[in-house]
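Chains as they are written, first to last, in the working numbering: chain P, 38 to 346; chain V, 9 to 193; chain A, 3 to 54. Read the structure below first, then the notes.
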Amino acid sequence: MITSAPLWSVLVVPALLAAFAAAAVTADGLLAARAAGRPLRAAVAAGPLAEVPRLLAGQRRSTVASDALLWRLGVLSVPAAGVLAALVIPFGDVTASRMSVGVVWFNAMEVLTWAGLWMAGWGANSALSLVGGYRFVAQGLAYELPLMFALIAAAAGAQSLDVADIAAAQSHLWFAVWMPAAFVIYLVSVYAFSFLGPFAYPAGRDLAGGVLAELSGADRLALEAGRWLLLTAGAGMAVPLFLGGGAGPVLPAWAWSAAKTLAVLALLVWGRRRLPVLRADRYAELAWVVLIPLAIVQALVPALVDLAR
Amino acid sequence: MIAIFWVLAPLAAASGFMVFRFSSMARATIALLVSFLASGALLILLGLGYLGVVVILMMVMEMIIMAVFMIAYMMNPAGLMPMSMTHNKPRARAISVTSFLLLAAGIFAVPWPPRAGAPPASPTFQLGAALMGSQMLTMVTLGFVLLATMVTAIVLATHRGRYDRFGDDLKRRPAADPAQGGVGM
Amino acid sequence: MSLQLFLLLAAGLFAIGLYGALSQQSIVMIMMGLELMLNGVIVAAGRLPTGR
């Protein structure tokens, strides 16, 4: 039975999220080192995390005639979106905020990246940065509706928008097993809203970093950390939505939640290096003409199952 | 609760007013977004959790798409020079102030009856049922008609037709589109 | 009292939207005014059935 934790747990959520994100970043660093042929040492594992104090101490760049208000606001909303989205994720048997509309809250908080990245791209008064921001809007238009229908499929399977109910409804069979299309669409969308992996196009190397081009210092740390926090929040949300939450035989619920989250994170971090970066115009038509009907049909499956019951 | 209202309500009204004061179109759109976020938060405060979160969700997406159009179509998107594209400001101000005073007079003069009963257990569901319950089929049909209208309007507005895309005999596959990729339809 | 405050906010948003819709020259800004009017109606429609 998932209960809502007391109010101070809202402060624990960013710390826990940051811990999992740090694990993901470390794994990514180790995979990068192995791909480059370098030996795996502890210094390599600590490498990405050593960026944190370096960026914090670095000078924040300001450009000419930049819209500083929108720029900083946009950059800050990306990690804020990750943390806010993680508020409804149950960790074992506790959740920081048990909302009756938890799934919609998660969706609304990850949509804040639309606003954040567009503002971060616009505010810098730099052409490459602007192109990066617009690339994210194009990507967002493609992934958002399939993601919404995938979330609706999971919610329809449990007949509730409460994340705790969705986790509890998987006691017989995980949703990832009988709603595989929704699970795959969800994982792809996690890459998309955290603009990592095949959807790193807004921060692409052909744009000198895109939205990251004009950022340095604490702003760069905020946006880079925001990407990984969003990936971690997405991975964490996959667990109660599709993988049964904290249910499991021997270990306590929080251990199962952590293990499943780490498994999904490992899959996402591994896949990040394996998949090429896609341009939005190549998959926009696919997303609208193929993925949306597929997601709608997938959402029909739990509805029919519920009618038959 | 009333304290949160006194934070959100002036925020909604002030950012709504700033929409028409900013010279920068980007800031005007974000100000409208802030106004909508404050209204969404007020709806959550009133107990309509689903409606409030859905307002936040929809309005973020809508405002960013509107920002793209604002930057594309407005001539001074960054507001680097002060700009004023208004007409008839004094009369518009008079009309809006008059309508606000009339509405405020009505709000304070109407003897609002005390609430008979309590709010229902699930206010969102009850609100939806009350608004749409007797006309649910109409609402569903309206949704499809709106979608069809949007798609039709876009198809009619593009100046490239199927003869441009598929050739004079309508047999060229894949279609000759400026944006490559896609599923070859 | 709370009902009147919410309705006052709704009327205020509506009036600001009306000002914008009447005074702006470009269609996009007029649309922003219309959106603000809708915002006011949303707040009023949310408050009226849920009071205590």
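Ideal placement from N, C-alpha and C gives every residue a C-beta, glycine not left out.
*CA nearest to the CA of residue 82 of chain P, picked from P:64, P:99, P:75 and P:96*: P:64
*Interface residues of chain P around residue 75 of chain V at Cβ under 7 Å?*
155
*7 Å Cβ cut-off: residues of chain V touching residue 10 of chain A*: 112 and 115
_Need the endpoints of the alpha helix (DSSP H) that residue 168 of chain P sits in, please._
164-195
*Have a look at residue 34 of chain V and residue 188 of chain V and give me their C-alpha separation to the nearest angstrom.*
30 Å
*For residue 355 of chain P, return the contacting residues in chain V, with the cut-off set at a CB-CB distance below 7 Å.*
Outside the shown range of chain P (38 to 346) lies residue 355 of chain P, about which nothing can therefore be said.
*Within the same chain, show all residues whose beta-carbon is closer than 7 Å to that of residue 61 of chain P, passing over the 5 residues directly before and after it, in chain order.*
265, 268, 269, 302 and 306
*Short-range partners of chain V found in the region 37-50 of chain A, where Cβ spacing is below 7 Å*: 37, 38, 41, 44, 45, 48 and 49
*asked:* Less than 9 Å between the beta carbons of residue 103 of chain P and residue 144 of chain P, yes or no?
replied: no
*Please determine, among P:90, P:289, P:129 and P:179, the residue with the shortest C-alpha to C-alpha distance to residue 325 of chain P.*
P:179
_What would DSSP say about residue 103 of chain P, mapped onto helix, strand or coil?_
coil
*Would you list the one or two residues that DSSP bridges to residue 426 of chain P?*
This structure leaves residue 426 of chain P out entirely; chain P is present only between 38 and 346.
*Which of the three DSSP states, helix, strand or coil, is assigned to residue 26 of chain A?*
strand
*Per DSSP, what kind of secondary structure is residue 2 of chain A in: helix, strand or coil?*
Past the boundaries of the shown model lies residue 2 of chain A; chain A is included only from 3 to 54, so the question cannot be answered.
_Contacting residues, own chain, Cβ-Cβ under 7 Å from residue 197 of chain P (five flanking each side not counted)_ = 203
*Is it true that the region 90-97 of chain P meets the region 126-134 of chain P, where meeting means three or more beta-carbon pairs spaced less than 8 Å apart?*
no
*So with Cβ pairs under 9 Å, would you call residue 162 of chain V a contact of chain P?*
no
*Going along the region 251-284 of chain P in order, which residues come within less than 7 Å of chain V, judged by CB to CB distance?*
none
*asked:* Please return the same chain residues whose Cβ sits closer than 6 Å to the Cβ of residue 226 of chain P, not counting the five positions on each side in sequence.
replied: 180 and 184
*Taking only the alpha-carbon atoms, compute the straight-line gap between residue 135 of chain P and residue 91 of chain V and give it to the nearest angstrom.*
47 Å
*asked:* Run through the DSSP bridge pairs and tell me what residue 94 of chain V is partnered with.
replied: A:26
*Pick helix, strand or coil for residue 232 of chain P, following the three-state DSSP scheme.*
coil
_Limits of the unbroken alpha helix (DSSP H) element including residue 323 of chain P_ = 317-323
*Taking Cβ-Cβ distances shorter than 7 Å, what residues in chain V pair up with residue 102 of chain P?*
88
_Residue range of the unbroken alpha helix (DSSP H) whose run includes residue 294 of chain P_ = 290-311
_Which residues of the region 78-104 of chain V have a Cβ closer than 8 Å to any Cβ of chain A? Give them in chain order._
78, 81, 82, 93, 94, 95, 96, 97, 99, 100, 101, 103 and 104
*asked:* Strictly under 9 Å for the Cβ-Cβ distance: is residue 170 of chain V near chain P by that measure?
replied: no
*Please determine, among P:115, P:310 and P:207, the residue with the shortest C-alpha to C-alpha distance to residue 258 of chain P.*
P:115
_Would the region 271-283 of chain P count as touching the region 216-225 of chain P if we require 3 or more Cβ pairs under 8 Å?_
yes
*Note down, one range per segment and in chain order, each alpha helix (DSSP H) of at least 4 residues found wholly within the region 77-163 of chain V.*
97-117 and 131-140
_residue 4 of chain V versus residue 113 of chain V: straight-line alpha-carbon distance, rounded_ = Given a span of 9 to 193 for chain V in the structure shown, any question on residue 4 of chain V remains unanswerable.
*Grab the span of the alpha helix (DSSP H) containing residue 32 of chain V for me, first residue to last.*
Here residue 32 of chain V belongs to no alpha helix (DSSP H), and DSSP marks it neither H nor E.
*asked:* Would residue 47 of chain A and residue 111 of chain V qualify as a contact pair, given that the criterion is a beta-carbon distance under 9 Å?
replied: no
*Span of the alpha helix (DSSP H) holding residue 261 of chain P?*
255-279
*DSSP-derived helix/strand/coil call for residue 57 of chain P*: helix
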